[in-house]
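In the UniProt record's numbering, the protein residues as written are 1 to 384.
Where a beta carbon is used, it is the ideal one built from N, C-alpha and C, also for glycine.
None of these values were measured; they are calculated from a predicted model.
Okay, here's the thing in structure tokens:
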């Protein structure tokens, strides 16, 4: 009911369908078809519900309070809809083999980044969510929004709401096992246990004929909020783990490149006079990996600077050595040509070749002189 006592025409949504299979295993054709059908129905019903909720928000006294939730619900819905379209493309009306069904499992259970900002003035940030996680998060956000707006699903019965809460509590129990071992997991488990006790009390009261509408509403909001927080927290932890792995790999790669660069620089300085003079970037000077996300991000940016500096130095030393090798190869090719034409033993050619060869073999070699002498040899060879 609205504040004026009129029934709000907001359709009741349905919980997201359970996803079949698991990552890395091909979906069974029957399960894949059933899931696509159920997911399409869920998307249709959920979008109608969100659109109706959006209309309710526009008529609310303070629409800005709900804008973030509506935006998040639509963003999550669109992420699932995009993945559902990809699934239908791979399904191709059932013309699928094992490879396609494995691809479908990856699309269902693989995680993709989804913008999940909450509230006005708060920037969106990406969350890596699978389809089931995005569906559950959408259900949680929409359920919370319905309660905040004071809406009851049309024709919903207490037993239906209780069944939905019990299913949600089971999901929450599963989700708590993904929390870090120790106090975070214990706090989540205690919270779920408290919700379960409150639900049991509500069911007992309903069995005695009591009105539990005012009890179930706050319970649904709290359960939805907890589920949302656990899903988001899990996604954040995965992001943090991926960041640590990426930065550690980048650091190891740069340290290996720096060691290779030192060898390259030493060879270039020994081979060519007036070789480039670049300091060898010291990755170790950045210190050990930090242990917070913000510090890791800053550390990764410093690694990028070291990587760019290393790339510039590698190119400079590489070009100097390549130019020397090119002159050497050019002289060798000219020598082969002289031998092929029977002119290699001519005194002028022998003398020019000897000077060019000596200039190239000198350590360090003088690039300008070596270039001139190789060109001189070429000039003698072309002369008749």
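Q | Backbone secondary structure at residue 47 - three-state DSSP | A | helix
Q: Classify residue 130 as buried or exposed, calling it buried when 16 or more other Cβ atoms lie within 10 Å of its own Cβ.
A: buried
Q) Between residue 169 and residue 223, which are expected to be in contact by the criterion C-beta below 8 Å, what is the C-beta distance as a whole number of angstroms? A) 7 Å
Q: Taking residue 159 as part of the alpha helix (DSSP H), name the residues at either end of that continuous run.
A: 158–176
Q | Host alpha helix (DSSP H) of residue 331 (start-end) | A | 293–340
(Q) Measuring only the C-alpha atoms, how far is residue 163 from residue 251? (A) 51 Å
Q. So which of 182, 231, 38 has the shortest CA-CA distance to residue 171?
A. 231
Q. So the alpha helix (DSSP H) residue 137 belongs to, where does it begin and stop?
A. 131–149
Q: Could you have a look at residue 57 and say whether DSSP puts it in helix, strand or coil?
A: helix
Q. Can the beta-carbon of residue 76 be found less than 8 Å from the beta-carbon of residue 14?
A. no
Q | Contacting residues, own chain, Cβ-Cβ under 6 Å from residue 378 (five flanking each side not counted) | A | 334
Q) Applying the criterion that 16 or more other CB atoms from any shown protein chain within 10 Å of the CB defines a buried residue, is residue 37 buried or exposed? A) exposed
Q.
So for residue 232, helix, strand or coil by DSSP?
A. helix
Q: Could you check the C-alpha separation between residue 149 and residue 194 for me, to the nearest Å?
A: 25 Å
Q. Just the Cα atoms here: how many angstroms apart are residue 228 and residue 147?
A. 15 Å
Q) Can you name the start and end residues of the alpha helix (DSSP H) that residue 80 belongs to? A) 64–91
Q. Since residue 381 contacts residue 343 with CB under 8 Å, what's their CB separation in whole angstroms?
A. 7 Å
Q: Sort 71, 179, 221, 108 by Cα distance to residue 165 and report the nearest one.
A: 221
(Q) If the criterion is Cβ atoms closer than 8 Å, does the pair residue 178 and residue 234 meet it? (A) yes
Q. Can you pull the DSSP bridge partners for residue 383?
A. Its beta-bridge partners do not exist; DSSP assigns none.
Q. Over what stretch of residues does the alpha helix (DSSP H) that includes residue 386 continue unbroken?
A. Because the chain is modelled from 1 through 384, residue 386 falls outside the range shown and cannot be assessed.
Q. How many Å lie between residue 191 and residue 65 at the Cα?
A. 26 Å
Q. Straight-line CA distance for residue 350 to residue 327?
A. 18 Å
Q | Contacting residues, own chain, Cβ-Cβ under 7 Å from residue 85 (five flanking each side not counted) | A | none
Q. What's the C-alpha gap between residue 44 and residue 16?
A. 11 Å
Q. If you drop the 5 nearest sequence neighbours on each side, which residues of the same chain put their C-beta closer than 8 Å to that of residue 324?
A. 271, 272, 360, 365, 367, 370
Q) Is the beta carbon of residue 275 sitting closer than 8 Å to the one on residue 317? A) yes
Q.
I need the DSSP call for residue 112, collapsed to helix, strand or coil.
A. strand
Q) Straight-line CA distance for residue 35 to residue 288? A) 47 Å
Q. Among 355, 31, 145, which has the Cα closest to the Cα of residue 102?
A. 31
Q. In this structure, does DSSP put residue 16 in helix, strand or coil?
A. coil
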